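J.: Pasting in a structure now, in structure tokens, and then I'll have a few things to ask.
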Amino acid sequence: MMTVSSIENGIVLDHIAAGRGMDLYKALGLDELSCLVAVITNAYSKKMGRKDIIKIDAEIDLNLDIIGYFDPNITVNIIKDGVNTKKPKIEPPERIENIIRCKNPRCITTVEQELPHVFKLTDRENMVYRCIYCESKAK
Amino acid sequence: MRNLIDILDLTTSEIDELISVANDIIESPKKYAHKCDGKKLATLFFEPSTRTRLSFEAAMYELGGNVLGFSEAQSSSSAKGESVADTVKVVGYYADIIAMRHPKEGAPMVASMKSDIPIINAGDGGHNHPTQTLTDLLTIYREKGRFDGLTVGLCGDLKFGRTVHSLIGALSRYNNVKFVLISPNELTIPEYIKKEVLEAKNIEFVETASLDEVMPELDVLYMTRVQRERFFNEQDYIRLKDSYILTPEKLLSAKKDMCILHPLPRVNEISVAVDSDPRAKYFVQAQNGKYIRMALILKLLEVE
Ligand SMILES: [Zn+2]
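Top to bottom, those sequences are chains A and B.
All the letters of the first sequence, read from the start, carry residue numbers 1 to 139 under the numbering used here.
All the letters of the second sequence, read from the start, carry residue numbers 140 to 443 under the numbering used here.
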């Protein structure tokens with residue numbers, strides 16, 4: 001088995017659906033970091049079969065809303081001095097701003113460029129987000 | 140300060156209150172002739188809709204108020220690239236309330252977030268048109284005396300017809316309303332309305348392609364226009380537009396006290412021969428539109 005060394009101080013994002021690690025990497029803007037970041041794909045998981053993991057070798061401020069919107073089943077482990085100190089609870093956010101864009105070609109956001117793209121969680125069970133302006137479902 | 144962006148912004152008791160004020164206006168219009176003296180309504184129509192605009196303007200004049208505004212984007216500042224937010228901010232210095240029509244969905248919502256005066260959505264693309272729904276509700280109430288227990292037939296373009304979607308949303312909050320959805324297969328009601336409104340609230344509904352079959356059970360028949368711009372293909376439009384034309388012969392099997400509504404303008408979906416039938420209420424409906432808008436302006440301006 002290939003190993004990626006454990007980190008002393010940083011963040012481990014675990015239980016990412018297999019194959020989606022790189023998408024989350026981009027969504028969180030981790031490509032803009034200068035520290036060591038490892039994206040592990042298709043790791044073995046008892047619970048999920050296969051999963052992706054992201055290890056970030058620095059204590060950065062993560063936008064938990066992005067993770068919650070991306071997939072609330074992801075676990076976030078914050079490591080300090082080699083010890084897992086806390087696991088913030090990941091929940092789908094009630095409202096997301098400028099994380100995704102409205103794709104409805106008839107939406108006012110298509111003509112007014114400066115408007116923030118805001119979505120509200122309208123159905124928690126099915127994770128449905130709708131544009132606050134035109135009410136289109138986020139895709 | 141309140142706005143009206145979506146019909147569901149109003150509770151059923153607020154709708155009942157608007158209906159009762161509108162009924163009182165119809166009963167004694169003189170009482171209301173000076174309620175809005177010195178007030179101004181701005182009609183900001185970024186796309187033309189003469190009928191809706193005239194209805195709003197007549198409503199304000201009948202309340203003693205005045206009207207200013209524009210009737211198409213070409214003559215407005217948006218043609219020069221001004222944002223909706225900036226436009227309503229400026230208009231707020233000149234008027235007391237705004238009725239806004241815009242081709243883009245959500246524009247009145249944006250306006251309401253930035254405006255210092257109440258915004259009424261007078262139609263935003265294929266999205267919402269709450270004053271049409273209020274008009275429909277007032278007409279149904281005046282004709283039938285209630286909403287509870289009615290069997291409401293909706294016929295024509297149920298796929299793109301926003302008036303139909305809003306009316307279903309509004310009526311689904313009353314008790315035991317049954318919907319009969321009559322349309323060609325190509326224009327059936329969207330899945331999300333079935334799932335999120337009808338099934339979610341356990342509301343009885345049937346879907347059918349035959350108006351004749353269901354005619355005898357309807358208390359209300361709401362006809363809609365099949366619009367050319369909804370079709371990519373001219374042949375589909377021509378084939379479907381004549382599928383559901385209401386004629387005196389079709390009405391033979393209808394209840395004697397059924398009422399026929401249509402948001403107007405009609406193309407040919409209701410034969411002119413139906414106009415003289417006492418059940419035809421679509422012109423009364425257009426007139427009711429003015430009265431319910433009067434009631435709405437009073438409410439949003441908080442005029443007693
Ligand atoms: Zn939108």
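Yeah, the Cβ is synthetic: ideal placement off N, Cα and C, and Gly gets one too.
Owing to the predicted nature of the structure, the values given are computational and were not obtained by experimental measurement.
(1) Counting only beta-carbon separations shorter than 9 Å, does residue 131 of chain A have a partner in chain B?
(2) Taking the Cβ atom as the reference point for each residue, do residue 18 of chain A and residue 51 of chain A lie within a distance shorter than 9 Å?
(3) When you compare the stretch 321-331 of chain B with the stretch 261-281 of chain B, are there three or more beta-carbon pairs, one atom per stretch, that lie closer than 8 Å?
(4) Kindly list the residues whose CB is nearer than 6 Å to the CB of residue 223 of chain B, restricted to its own chain and excluding five residues on each side of it in sequence; keep chain order.
(5) Could you check whether residue 283 of chain B and residue 235 of chain B sit closer than 9 Å to each other, using their CB atoms as the reference points?
(6) Could you please tell me which residues of the stretch 231-257 of chain B, in chain order, have their CB closer than 7 Å to any CB of chain A?
(7) How is the beta strand (DSSP E) around residue 119 of chain A delimited, first residue to last?
(8) Does any C-beta atom of chain B lie closer than 9 Å to the C-beta of residue 35 of chain A?
(9) Within 10 Å of its beta-carbon, does residue 196 of chain B have 16 or more other beta-carbons around it, so buried, or fewer, so exposed?
(10) Is the beta carbon of residue 265 of chain B within less than 8 Å of some heavy atom of ligand 1?
(11) Is any non-hydrogen atom of ligand 1 found closer than 8 Å to the C-beta of residue 114 of chain A, if you look at the structure I gave you?
(12) Who does residue 205 of chain B pair with in a DSSP beta bridge?
(13) For residue 290 of chain B, which of helix, strand or coil comes out of DSSP?
(14) Scan the stretch 14-29 of chain A for residues whose Cβ lies nearer than 9 Å to a Cβ of chain B and list them as they occur along the chain.
(15) Throw me the rounded Cβ distance for the residue 410 of chain B and residue 377 of chain B pair, which I believe falls under 8 Å.
(16) For residue 269 of chain B, does the count of other Cβ atoms within 10 angstroms reach 16, so buried, or fall short, so exposed?
(17) For the alpha helix (DSSP H) containing residue 215 of chain A, name the first residue and the last one.
(18) Can you name the residues of chain B whose CB is closer than 8 Å to the CB of residue 104 of chain A?
(19) For residue 99 of chain A, would you say it is in contact with chain B, using Cβ-to-Cβ distances shorter than 9 Å as the test?
(20) Report all residues from its chain with a CB closer than 8 Å to the CB of residue 265 of chain B; omit the five preceding and five following residues, and keep chain order.
(21) Should residue 96 of chain A be flagged as near chain B, meaning a C-beta pair shorter than 9 Å?
(22) Roughly how many angstroms separate the alpha carbons of residue 169 of chain B and residue 429 of chain B, rounded to a whole number?
(23) For residue 361 of chain B, I'd like the list of residues in its chain whose CB is within less than 6 Å of its CB, leaving aside the five on either flank, ordered along the chain.
(24) By the criterion of Cβ-Cβ separation under 7 Å, what are the contact partners of residue 264 of chain B in chain A?
T.: Answer, in terms of the structure:
(1) It does; some Cβ of chain B falls within 9 Å.
(2) Taking 9 Å as the Cβ cut-off, residue 18 of chain A and residue 51 of chain A qualify as a contacting pair.
(3) Touching, no.
(4) Within the same chain, residue 223 of chain B has close Cβ partners 246, 249, 250.
(5) 9 Å or more divides the Cβ of residue 235 of chain B from the Cβ of residue 283 of chain B.
(6) The residues in question are 243, 244, 245, 246, 248, 249.
(7) Residue 119 of chain A -> beta strand (DSSP E) spans 118-123.
(8) Not an interface residue.
(9) Counting the other CB atoms within 10 Å of its CB gives residue 196 of chain B a total of 16 or more, which places it among the buried residues.
(10) Residue 265 of chain B Cβ: outside cutoff for every heavy atom of ligand 1.
(11) Not so, every heavy atom of ligand 1 lies at least 8 Å from the Cβ.
(12) Answer is B/179.
(13) If DSSP states are grouped into helix, strand and coil, residue 290 of chain B belongs with the strands.
(14) Residues of the stretch 14-29 of chain A whose Cβ lies closer than 9 Å to any Cβ of chain B: none.
(15) With a Cβ gap of about 18 Å, residue 410 of chain B and residue 377 of chain B do not count as contacting.
(16) The residue in question, residue 269 of chain B, is buried, as its Cβ has 16 or more Cβ neighbours within 10 Å.
(17) Residue 215 of chain A lies beyond the residue range present for chain A, which begins at 1 and ends at 139; the question has no answer from this structure.
(18) Going along chain B in sequence order, the residues near residue 104 of chain A (Cβ under 8 Å) are 244.
(19) Chain B places no beta carbon closer than 9 Å to that of residue 99 of chain A, leaving this residue out of the contacts.
(20) Same-chain partners within the cutoff: 244, 299, 301.
(21) By this cut-off, residue 96 of chain A is not an interface position.
(22) Here the C-alpha atom of residue 169 of chain B lies approximately 15 Å from the C-alpha atom of residue 429 of chain B.
(23) Counting only Cβ-Cβ distances below 6 Å, and skipping sequence neighbours, we find 293, 400.
(24) Scanning chain A for C-beta atoms nearer than 7 Å to the C-beta of residue 264 of chain B yields 106, reported in chain order.
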